[in-house]
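Asker: Numbering (my numbering), first residue to last: 234 to 396.
The C-beta atom is built at its ideal place from N, Cα and C for all residues, glycine as well.
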């Protein structure tokens, strides 16, 4: 089980292409077309396995899939793919703008430090250690810049993870 997460900033035409295809084809399309083109660029942002802990911390130590701030910074959004093996959610232009505003006015590292100990160990897939907290902070460091660039380029954002 890899649980690796990548965000992609996509233009509207690419979102339309995703929406036009059957949901069961969308994740493979992302792997075959979007990932090779955008991973390693400003339009792709990897969070490795840190996304899960960041999601818990944004929820105050509670898992939340509600499509509202602060939870939709990572996991939330409109579900484009939702299976036992893969998830893809979409953050619209308006959501990207609100996420940028949130990240500009809230210190994500401070939120992680404040809420890390609140994550229920039995529900969390990674070890809860001091190194684990630093792992979350390190992998989320560029999230604000990524979303800022997405907004600047008039992009929507997809969150992708293979479970």
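1) Provide the residue span of the alpha helix (DSSP H) that contains residue 391, from first to last.
2) Considering only residues of the same chain and omitting the five flanking positions on each side of residue 359, which have a CB-CB separation below 8 Å?
3) So, with DSSP's three-state summary, where would you put residue 319?
4) Could you check if residue 354 is buried or exposed, using at least 16 other CB atoms within 10 Å of its CB as the buried criterion?
5) Out of curiosity, what's the CA-to-CA distance linking residue 250 and residue 266?
6) Buried or exposed: where does residue 303 fall if 16 or more other Cβ atoms within 10 Å of its Cβ makes it buried?
7) Report the start-end ranges of each beta strand (DSSP E) in the segment 312-388 that is 3 residues or longer and not cut off at the edges.
8) Classify residue 269 as helix, strand or coil using the three-state DSSP reduction.
9) Quick check on this structure: which residue in 278, 382, 243 and 248 has the alpha carbon closest to the alpha carbon of residue 337?
10) Classify residue 263 as helix, strand or coil using the three-state DSSP reduction.
11) So, do the segment 247-264 and the segment 369-379 have three or more beta carbon pairs nearer to each other than 8 Å?
12) Which same chain residues end up closer than 7 Å to residue 325 when comparing Cβ atoms and leaving out the 5 residues on each side of it in sequence?
13) Let me know the secondary structure DSSP gives residue 306 once reduced to three states.
14) Just checking residue 286 against the ligand GDP - is the residue's beta carbon closer than 7 Å to any of the ligand's heavy atoms?
15) Rounded C-beta distance between residue 332 and residue 290? I'm assuming under 8 Å.
16) Who are the near neighbours of residue 350 in its chain, counting only those whose CB is closer than 6 Å to its CB and skipping five residues on each side?
17) Measure the C-alpha to C-alpha separation of residue 393 and residue 295 and round it to an integer number of angstroms.
Answerer: Answer, in terms of the structure:
1) Against the chain shown, residue 391 aligns to sequence position 158. From DSSP, residue 391 is part of no alpha helix (DSSP H) but of the beta strand (DSSP E) over 389-395.
2) Looking up residue 359 in the chain shown gives position 126. Correct list, in chain order: 282, 285, 286, 365 and 368.
3) For the purposes of this step, residue 319 is taken as the residue at position 86 of the chain shown. Looking at residue 319 - three-state DSSP - the assignment turns out to be strand.
4) Position 121 of the chain shown, counted from the first residue, corresponds to residue 354. Under the 10 Å beta carbon count, residue 354 is surrounded by fewer than 16 other beta carbons and is classified as exposed.
5) To locate residue 250, count along the chain shown from 1; it is residue 17. To locate residue 266, count along the chain shown from 1; it is residue 33. Their backbone Cα atoms lie some 11 Å apart in a straight line.
6) Stepping through the chain shown from its first residue, residue 303 is reached at position 70. Here residue 303 is buried. Its C-beta has 16 or more other C-beta atoms within 10 Å.
7) You should have 319-324.
8) The count along the chain shown starts at 1 and reaches residue 269 at position 36. Here residue 269 sits in helix by DSSP.
9) Residue 337 sits at position 104 when you count from the first residue of the chain shown. When the alpha-carbon of residue 337 is set against those of 278, 382, 243 and 248, the nearest one is in 382.
10) Counting from 1 along the chain shown, the entry for residue 263 is found at position 30. DSSP places residue 263 within a helical segment (H, G or I) once states are collapsed to three.
11) With contact defined as three or more Cβ pairs closer than 8 Å, the segment 247-264 and the segment 369-379 are not in contact.
12) Numbered from its first residue, the chain shown carries residue 325 at position 92. Excluding five sequence positions before and after residue 325, the CB atoms of its chain that fall closer than 7 Å to its own CB belong to 389, given in chain order.
13) Looking up residue 306 in the chain shown gives position 73. In this structure, residue 306 counts as helix in the three-state DSSP scheme.
14) In the structure on display, the ligand GDP does not appear, and there are no ligands present to speak of.
15) Here the question's residue 332 lines up with position 99 in the chain shown. Here the question's residue 290 lines up with position 57 in the chain shown. No, residue 332 and residue 290 are not in contact; Cβ-Cβ is about 15 Å, not under 8 Å.
16) As a working note, residue 350 is residue 117 in the chain shown. Counting only Cβ-Cβ distances below 6 Å, and skipping sequence neighbours, we find nothing.
17) Here residue 393 is taken as the residue at index 160 of the chain shown, counted from 1. Here residue 295 is taken as the residue at index 62 of the chain shown, counted from 1. C-alpha of residue 393 to C-alpha of residue 295: approximately 21 Å in a straight line.
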